[in-house]
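S.K.:
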Amino acid sequence: MKEPVLTVKDLYKSYGRVEALKGISYSLKEHEILAVLGPNGAGKTTEINCLCGIIPFDSAQLYYRNELGRLPKEKLGLCPQELIIWKKLSLIEQLIYMGNLYEVPKNISSLRAEELLVNLGLIDKRRALAGSLSGGMKRRLNVALSLMHDPEILILDEPEAGLDPQSRILLRNFIKIQAKKRSVILTTHNMDEAERLADRLILIDHGEIIEEGSPSYMKERYSCSNLEEVFIHLTGRSLRD
Amino acid sequence: MIGKIAKTSMKEQLRSPVILLLSLLTAPLFVLIYVLFFPSETSSFDVAYYSQERNQALLEYMNNWSMEDQTVNLNMHWVNSPQEGSKDIEQGEAQVLVIIPEGFEDSLDQVKSGLREQSERVIFSGDLSSSMYSIAFIMTYSSIDQYISQRTGHISPFAMEEQPLGNSMELREIDYYIPGLMIFALIILLFQVSMNLSGLVESGILKRLRLTRATTLEILSGYSIPVVLIGLCSFFLTLLVAKLFGSNLHGNWLLTALVALLTTLAITATGMIVSAFASSTSSAFIMANFPLMLFMFFSGAMYPIKKITMFNLGNISIGVFDLLPTTHGVNALHKLLVLQSDFSGILYELICLTLLTVLFLAFGVRLYYKRQMEIG
Numbered sequence: 001m002k003e004p005v006l007t008v009k010d011l012y013k014s015y016g017r018v019e020a021l022k023g024i025s026y027s028l029k030e031h032e033i034l035a036v037l038g039p040n041g042a043g044k045t046t047e048i049n050c051l052c053g054i055i056p057f058d059s060a061q062l063y064y065r066n067e068l069g070r071l072p073k074e075k076l077g078l079c080p081q082e083l084i085i086w087k088k089l090s091l092i093e094q095l096i097y098m099g100n101l102y103e104v105p106k107n108i109s110s111l112r113a114e115e116l117l118v119n120l121g122l123i124d125k126r127r128a129l130a131g132s133l134s135g136g137m138k139r140r141l142n143v144a145l146s147l148m149h150d151p152e153i154l155i156l157d158e159p160e161a162g163l164d165p166q167s168r169i170l171l172r173n174f175i176k177i178q179a180k181k182r183s184v185i186l187t188t189h190n191m192d193e194a195e196r197l198a199d200r201l202i203l204i205d206h207g208e209i210i211e212e213g214s215p216s217y218m219k220e221r222y223s224c225s226n227l228e229e230v231f232i233h234l235t236g237r238s239l240r241d
Numbered sequence: 242m243i244g245k246i247a248k249t250s251m252k253e254q255l256r257s258p259v260i261l262l263l264s265l266l267t268a269p270l271f272v273l274i275y276v277l278f279f280p281s282e283t284s285s286f287d288v289a290y291y292s293q294e295r296n297q298a299l300l301e302y303m304n305n306w307s308m309e310d311q312t313v314n315l316n317m318h319w320v321n322s323p324q325e326g327s328k329d330i331e332q333g334e335a336q337v338l339v340i341i342p343e344g345f346e347d348s349l350d351q352v353k354s355g356l357r358e359q360s361e362r363v364i365f366s367g368d369l370s371s372s373m374y375s376i377a378f379i380m381t382y383s384s385i386d387q388y389i390s391q392r393t394g395h396i397s398p399f400a401m402e403e404q405p406l407g408n409s410m411e412l413r414e415i416d417y418y419i420p421g422l423m424i425f426a427l428i429i430l431l432f433q434v435s436m437n438l439s440g441l442v443e444s445g446i447l448k449r450l451r452l453t454r455a456t457t458l459e460i461l462s463g464y465s466i467p468v469v470l471i472g473l474c475s476f477f478l479t480l481l482v483a484k485l486f487g488s489n490l491h492g493n494w495l496l497t498a499l500v501a502l503l504t505t506l507a508i509t510a511t512g513m514i515v516s517a518f519a520s521s522t523s524s525a526f527i528m529a530n531f532p533l534m535l536f537m538f539f540s541g542a543m544y545p546i547k548k549i550t551m552f553n554l555g556n557i558s559i560g561v562f563d564l565l566p567t568t569h570g571v572n573a574l575h576k577l578l579v580l581q582s583d584f585s586g587i588l589y590e591l592i593c594l595t596l597l598t599v600l601f602l603a604f605g606v607r608l609y610y611k612r613q614m615e616i617g
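Here the protein sequences come in this chain order: A and B.
Under this note's numbering, the first sequence has 167 at position 167, and the numbering climbs by one with no breaks.
Position in the second sequence counted from 1, then plus 241, gives you this note's numbering.
(1) What does the alpha-carbon distance come out to for the pair P566/B and L273/B?
(2) What would DSSP say about L338/B, mapped onto helix, strand or coil?
(3) So is Y217/A buried or exposed if we call it buried at 16+ other beta carbons inside 10 Å?
(4) Rounded to whole angstroms, what is the Cα-Cα separation between F476/B and I24/A?
(5) Note down, in chain order, every chain B residue with its Cβ under 7 Å from the Cβ of E82/A.
(6) Note down the Cα distance separating E414/B from F539/B, rounded to an integer number of angstroms.
(7) What three-state label does DSSP hand G43/A in the structure shown?
(8) Please confirm if T505/B has its CB atom under 8 Å from at least one CB of chain A.
(9) Anything in the stretch 89 to 120 of chain A with a Cβ closer than 9 Å to a Cβ of chain B? List those residues in chain order, please.
(10) When Cβ atoms are compared, which residues of the stretch 50 to 62 of chain A fall closer than 9 Å to chain B?
(11) Give a yes or no on whether the C-beta atoms belonging to L99/A and H149/A are separated by under 8 Å.
(12) Which residue spans inside the stretch 478 to 558 of chain B form an unbroken beta strand (DSSP E) run of at least 3?
(13) Are any of the Cβ atoms in chain B nearer than 8 Å to that of K176/A?
(14) Is the distance from the Cβ of I85/A to the Cβ of N142/A below 8 Å?
(15) Identify whether L315/B lies in helix, strand or coil by the three-state DSSP scheme.
(16) Suppose you measure from the CA of L129/A to the CA of I33/A; what does that come to, to the nearest Å?
(17) Under 8 Å between C-beta atoms, does T522/B make it to chain A?
(18) Check whether the Cβ of S375/B lies closer than 8 Å to any Cβ atom in chain A.
(19) State the DSSP-derived secondary structure class of R362/B, mapped to helix, strand or coil.
(20) Does the stretch 151 to 159 of chain A come close enough to the stretch 206 to 213 of chain A that 3 or more CB-CB pairs lie under 8 Å?
(21) Can you list the residues of chain B that L28/A reaches, using a CB-CB cut of under 9 Å?
(22) Compare the C-beta of S465/B against all C-beta atoms of chain A and say whether one is closer than 8 Å.
(23) Kindly indicate which three-state DSSP category Y222/A falls into: helix, strand or coil?
(24) When you compare the CB of E331/B with every CB in chain A, is at least one pair closer than 8 Å?
(25) If we cut at 8 Å on Cβ distances, does L78/A have a partner in chain C?
(26) Quick check on the burial criterion: 16 or more other C-beta atoms within 10 angstroms. Buried or exposed for P398/B?
(27) With distances taken between CB atoms, is the gap from Y302/B to G326/B smaller than 8 Å?
(28) Would a check of beta-carbon distances place K73/A closer than 8 Å to chain B?
(29) In chain order, what residues of the stretch 256 to 271 of chain B put their CB closer than 9 Å to some CB of chain A?
(30) Is there a C-beta anywhere in chain A that falls below 8 Å from the one on T453/B?
(31) Which residue spans inside the stretch 370 to 447 of chain B form an unbroken alpha helix (DSSP H) run of at least 4?
(32) Would you kindly work out how many angstroms separate the C-alpha atoms of M191/A and E228/A, rounded to a whole number?
(33) Pull the bridge partners of F562/B from the DSSP assignment, please.
(34) Starting from the Cα of A289/B, find the closest Cα among G487/B, A498/B, S322/B and L490/B and give me that residue.
(35) Consult DSSP for G617/B and reduce its assignment to one of helix, strand or coil.
(36) Where T45/A and L458/B are concerned, what is the direct C-alpha to C-alpha distance, given to the nearest angstrom?
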């Protein structure tokens, strides 16, 4: 039985009268890839931002390895949905800088940066300024930046948005490799991505978890041939924006 | 941590050379503009001269007249009628028109022999709203007064001696404005600080930084240090350009640097306050204009400004504009570089500047944290 790295209990968050999260509870096991699915505005990004301490939550019990309290910053690696890179720094410079900000020793930082650039297909651009990269390269750099401090939990918010098929394949393989070293939380709209990567799925709608389980369990339970059908079955066809 | 953030921020600044150069060179450029306003060491005033009797003696005397220190002289030219003289003033060819009345020389002879007390009435004409007229009038009046004294042998009963403060005797008019321009070099940093810090929010970098171990103070200090350094470079570059154009300003450079540093910190803090309310660089740019205008025009940086007293604290009068740290920066620099004051001479300005800087910094850091960084 795998040990839970992270346990979230009764996570509540409101924006004024709007209840964005209505008591989310789940746990993340070691080396598990957990996909958080949901329509636009369901509360996926809010939930992640609460976990990482970017926005305050109203109430929750957060456990890191069964220890109650705020999650240690250095244990979490967030790759945000938006591209957050230093356009005027080269790839290697910003990766090492990121390591510095987490107080990673310089020799380890250099090695780790090189390794990430190789694994994400960016090594040829190591000295290029990030502003000059293509959209796909920037997105891969965005992922690399979240791993410089070797976090135990990697949180990827829509990592495949805007990627071409080649980059998507590279990134999926990369995420699978990462799961051998750490646990991964992945938010996505891409059912194909979730089905191929996730060990377990959480489906959030209107700030609540409406279903949880492995991709095969979900398909079987709702007698659907793919996850998209499950998704539509559970969340309906109406637009949420 | 602060050093690492500052180093990286500096690297980014250096990779935007156009913005860096503009930040460094704006204030020195203003020195050049002021040099064009006050082009020479000697001020010369153009005087239109009308005398129906064609009084050549007085004209020559005025033409050859100059102040004792040789810094001011008069450039005389004949006009054929008062109307022609007025036209010269309208067209900027003269600052003052002097109309010498008929019988002026005879009246001087009569004054000399005691037959009358005053000469015939000399008329001065010009644009009374112009400061140039006021100065030209005084110079023209002085020259005619000296001519009359010499001509009649009546020496003025008023004896006087001019004693310059500090090294103001060695300075030119433009030097009076240089300390203000040096502070202006720091004031324009307001754009850079507020836009840099708002840029952190807009680009999401602040979000990434907040995920790391860096604290609010470390982030703000790290991003402020390069701007402070750029400000100090621009400050001394302004002085250097002024010196290259012949400025004689000198004083205690250590105290000058201290005043510059404190003023830069106060400007940086103001930038933090602006960026606390701005969510993008463009809104920061627009919002920064308001404090910039206050600092530029109400602290005496661009032009000397009259003190408006709010209240008295003992024997010190506190003015409305004393609430601006830049007011004390300008005053301290003027005292240091023009009036040759020492530490005790600028103690009041240093105390005020330090207090206001600490207050602005505390407020700026707190406000930026509350509005842009606070988490639950």
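Every residue, glycine too, gets a C-beta built ideally from N, C-alpha and C.
Just so we're clear, the structure is a prediction, and the values are computed from it rather than from any experiment.
M.R.: On the basis of the supplied data:
(1) 26 Å
(2) strand
(3) exposed
(4) 56 Å
(5) G445
(6) 21 Å
(7) coil
(8) no
(9) L89, E93, Q94, Y97, M98, N100, L101, Y102 and E103
(10) C50, C52, G53, I54, I55, P56, F57 and D58
(11) Sequence inspection shows Gly at residue 99/A; the Leu mentioned does not correspond to that position. Yes, the pair counts as a contact, with Cβ atoms nearer than the cut-off.
(12) 550 to 554
(13) no
(14) yes
(15) strand
(16) 32 Å
(17) no
(18) no
(19) coil
(20) no
(21) What L28/A touches in chain B: nothing, since even the nearest Cβ is about 18 Å away.
(22) no
(23) coil
(24) no
(25) The displayed structure is made up of protein chains A and B, and chain C is not among them.
(26) exposed
(27) no
(28) yes
(29) R256 and S257
(30) yes
(31) 372 to 393, 414 to 428 and 430 to 444
(32) 6 Å
(33) None, per the DSSP bridge assignment.
(34) S322/B
(35) Annotation note: pLDDT 39 at G617/B (below 50); position unreliable, no value reported.
(36) 27 Å
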